[in-house]
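Let me begin by presenting the structure, written as structure tokens, before commenting on it.
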Amino acid sequence: MQVMTDLFARIFGDGLSSLGLLVAGGLTMALIMALVMASCAIVFTWAERKVAGFIQSRYGPMRVGRWHGVLQPVADMVKILGKEDIVPRDADKPLFMLAPFVIFVGSLMAWAAIPFAPGFIAADLDLGLFYIFAVSSAATIGILMAGWASNNKWSLYGAARGAAQAVSYEIPLALACIPVVMITGSLNMNDIVIAQQGGIWRWHFLHDPFLFVAFLLYFVASIAEVNRGPFDLPETESELVAGYHTEYTGMRFAFFFLAEYANLFLVSCVATAVFLGGWQPLFGPVFLPGLVFVIKAVLLVLLQMWLRWTLPRLRVDQLMHVCWKVMVPLALVCVLGAGIWMLATGQAG
Amino acid sequence: MSETAAGRGWGGQDVRRELHSELLEINMGPQHPATHGVLRLLVRTDGEIVHGVTAHIGYLHRCAEKIAEGCDWRQWMVYTDRFDYLAPINMNFGYAVAVERMLGVQVPERAEHIRIICAELQRIASHLIAIGTFGLDMGAWTPLLYCFREREEILNILERLTGGRMLYNYFDIGGLRFDAYDGFERDVLAFVNIMEQKIPEYDTLLSYNKIFIERTADVGVIDLATCLAYGCTGPVLRGAGVPFDCRKDDPYSIYDRFEFDIPYGEGEQGTVGDCWDRYMVRMREMYESCRIIRQAVDALPGGPVKAEDLKKLVKVPQGSLYTRTESSKGEIGYHVFADGGSKPFRTKVRSPSFSNLHVIEKVGPGMMLSDLVATVGSLDIVLGEIDR
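Residue numbers (my numbering), protein chains in the order written: chain A, -10 to 338; chain B, 3 to 390.
Below, the structure written as structure tokens:
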């Protein structure tokens, strides 16, 4: 936000008070973040279909937009805008209508603390990492609301699974980040990225073996956190029809989709910032920081797509087993191991 | 309550726990992605645990057996196509064999060989769908598309051969409707060569995937006693560890001339008769089918493809006969009653999927909901054949 307020200060000079600067800068950043979210959903729906097509020896969209169906997401959006907004008769109407937006807003809020480039962060919070985990849990409430309000048994199943899964996987997700916080000594996202300055060997995931494991744990937990294959149990199209959003149509359905892809990019951005050096390049001085950051995050997203189109899905009890009996203990070991490593190498303050 | 949900691998949950909730009745189907057609399963669940399953069938009933009484003997062949629409040639085969046995007609050598090539191609096509959709039930999308890629080749060959891509109506009483096109052998051999290379690809992608094994091993165990009680045949019976196959144990056509093995479940990844075993039986049967096709193509003689002493309007001597053949789903039986006229007096079809499906009521209780989907998928049912 500093960048924006500086920009406004330069444009308007003394014409704006400090409060005015704050409001104007904040609003601009919020707008930019919403646009980033919408555009990443648009880009990733297309990318997902192309990746799936590539893996499955077919083309994916090819017609709209002349070159490899690049305008297909736009066509889909236009189509989905024209769809009837159906609310089932026996649905809990207010909850049903509100749920997609709760999920969306939870995702949008988390974007505020993502450092895309030096100074380019909507809210440079001292508790940035903590804040991200806190607000992204709001999506769970949205899933529960959607499943319950639809008054459909399959939706309810999806919602119950989704809530259980999201609540469980937040724990290894957060625990995996704790070693990084220990090393950096800060929850501020900017500080975490700056601590990784100086080439790939300074990035946190190569800091020590425990952090490497922590990175893998974070990656797996993040796939489960955003409900994607092989952990897409809330949707499980072969069992629960479409899970918690079975009854949704038109724009409301689109909001679930938007939130899903935005979340996908969000967890990848967090992984980039926390483990993969954020905007720091592989070597040498900082160069096009925003682009470097986005490239890293997009590579992680592509990796998640690759996994989704390769692996079968876990069963719900196996999912819980993996979380509580494998990932949480491993994450705790990582925290302990990273601490011992710091003591042994004399990094502990 | 059975202990099927208490697997040995990841997870596994004691279904006899103290905490119970109110039973929830759910209709899985007739419109549901996991029921492979218009099947309706009435499921009673306690949370994720299934307490009871009832299969409601009949949504595809088309009175095919009754219609037979109004058609002449040759005409009914068209209706047999529509039983198992994923393996119509295997359906034709059974009916043709049944009527020919009653007539005592000798089918020409060339026709027999082409019949077997077609039937085995069809078996591979049907198993490809079974494997692909089973993977889909497990949440693996990509194997389905790979299976369709290979199935497409089979459909192309059969299209060039018969003109149809789904329902062929190619077999006739006493032989085939017309001879194979030039280059048929070449196309078939080219396909078999590709197919044999692709099967290891499926194995790496799906069969030996850790998650897939966790989802299917020890799940939906159907033992031999259950198979016998419910009359299960085909891959379900062979998955339970019994190498029984009509092609070998009650040979029809010229299957006794070919060398092939009967794969059966050995409980490699879990218990004998679990979903993985049934899946793997199909996978290995595709290899065996390729072997049979190679031998049949090598031995393909020239000559006519129709029995010459048959009139256009067949009259079957009085009597009744039950004939069973091995379709891709199991043992398809035709019980045909003739009164000496040009029309069947009565036909009765024994559907393998019908017997296989109802096992779900026995093995279903105690499973988790996801395992129920897996088990139904591993039975490989086709509703067109159940309801007829």
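Backbone N, C-alpha and C fix where the C-beta goes; we use that ideal spot for every residue, glycine too.
{"Item": "Where T225 of chain A falls, given that 16 or more other Cβ within 10 Å makes a residue buried", "Value": "buried"}
{"Item": "Assigned exposure category for K142 of chain A - 16 Cβ within 10 Å defines buried", "Value": "buried"}
{"Item": "Limits of the unbroken beta strand (DSSP E) element including D83 of chain B", "Value": "Counting along the chain, D83 of chain B falls outside any beta strand (DSSP E), though it belongs to the alpha helix (DSSP H) covering M79 to D83."}
{"Item": "G13 of chain B, buried or exposed, once every other Cβ within 10 Å from all chains shown has been counted against 16", "Value": "Confidence at G13 of chain B is low in this model, with a pLDDT of 47, below 50, so the placement of that residue should be treated as unreliable; the coordinate-derived value is given next. Counting Cβ neighbours within 10 Å, G13 of chain B comes out buried, since at least 16 surround it."}
{"Item": "At least three beta-carbon pairs within less than 8 Å, the stretch 295 to 304 of chain A to the stretch 209 to 222 of chain B", "Value": "yes"}
{"Item": "L60 of chain A in three-state terms, based on DSSP", "Value": "coil"}
{"Item": "Host beta strand (DSSP E) of D48 of chain B (start-end)", "Value": "R42 to D48"}
{"Item": "For G13 of chain B, three-class secondary structure by DSSP", "Value": "Any answer about G13 of chain B is weak, because its pLDDT of 47 lies below 50 and its placement is not dependable; what the coordinates show is given next. It is coil, neither helix nor strand."}
{"Item": "E5 of chain B burial status per 10 Å Cβ neighbour count (16 or more: buried)", "Value": "Because E5 of chain B carries a pLDDT of 41, less than 50, the predicted location of this residue cannot be relied on, and the following value inherits that uncertainty. Its Cβ having fewer than 16 others within 10 Å, E5 of chain B is exposed."}
{"Item": "Contacting positions in the stretch 17 to 50 of chain A - beta carbon closer than 8 Å to chain B", "Value": "A41, I44, Q45, S46 and R47"}
{"Item": "8 Å Cβ cut-off: residues of chain B touching G58 of chain A", "Value": "Within 8 Å Cβ-Cβ: nothing; G58 of chain A doesn't reach chain B, min ~18 Å."}
{"Item": "Whether V299 of chain B touches E187 of chain B by CB criterion (9 Å)", "Value": "yes"}
{"Item": "Distance, D263 of chain B Cα to N158 of chain B Cα", "Value": "28 Å"}
{"Item": "Test item: CB-CB of A57 of chain B and I362 of chain B under 9 Å", "Value": "yes"}
{"Item": "Where the alpha helix (DSSP H) through F244 of chain A begins and ends", "Value": "G239 to V263"}
{"Item": "Candidates B:D225, B:K250 and B:I256: closest to G267 of chain B by CA position", "Value": "B:D225"}
{"Item": "Beta carbon proximity, P89 of chain A to chain B, threshold 9 Å", "Value": "no"}
{"Item": "Residue-chain proximity (V317 of chain A, chain B), Cβ-Cβ < 9 Å", "Value": "no"}
{"Item": "Which of helix, strand or coil DSSP assigns to I130 of chain A", "Value": "helix"}
{"Item": "Environment of S255 of chain B [buried if 16+ CB atoms lie within 10 Å]", "Value": "buried"}
{"Item": "Chain A contact for E5 of chain B (CB, 9 Å cutoff)", "Value": "Unreliable positioning characterises E5 of chain B in this predicted model, as indicated by a pLDDT of 41, which lies under 50. A coordinate reading is not provided."}
{"Item": "Within 9 Å, strictly: CB atoms of I91 of chain B and M288 of chain B", "Value": "no"}
{"Item": "Sub-9 Å separation of V375 of chain B and L41 of chain B beta-carbons", "Value": "no"}
{"Item": "Top-ranked residue by Cα proximity to W313 of chain A, from A:V156, A:F276, A:F122 and A:F208", "Value": "A:V156"}
{"Item": "Residues within the stretch 146 to 176 of chain B neighbouring chain A, beta-carbon criterion of under 8 Å", "Value": "L147, Y148 and R151"}
{"Item": "Sub-9 Å separation of L208 of chain B and I118 of chain B beta-carbons", "Value": "no"}
{"Item": "heavy atom of the ligand SAM below 8 Å from Y257 of chain B C-beta", "Value": "The ligand content of the structure shown is nil, which means the ligand SAM is not present either."}
{"Item": "Proximity below 9 Å, CB of H196 of chain A to CB of I181 of chain A", "Value": "no"}
{"Item": "Neighbour list for I28 of chain B in chain A, Cβ cutoff strictly below 8 Å", "Value": "K142 and W143"}
{"Item": "Same chain, Cβ closer than 7 Å to N179 of chain A, five either side skipped, listed in chain order", "Value": "P104, I110 and D113"}
{"Item": "Reference L265 of chain A, options A:G188, A:G218, A:V317 and A:V40, closest by Cα", "Value": "A:G188"}
{"Item": "Chain A contact for D382 of chain B (CB, 9 Å cutoff)", "Value": "no"}
{"Item": "Interface partners of T299 of chain A on chain B, CB under 7 Å", "Value": "T144"}
{"Item": "Three-way DSSP call (helix, strand, coil) for S322 of chain B in this model", "Value": "strand"}
{"Item": "P219 of chain A at chain B interface by Cβ criterion, 9 Å", "Value": "yes"}
{"Item": "Given 8 Å, three or more beta-carbon pairs between the stretch 236 to 255 of chain A and the stretch 322 to 331 of chain A", "Value": "no"}
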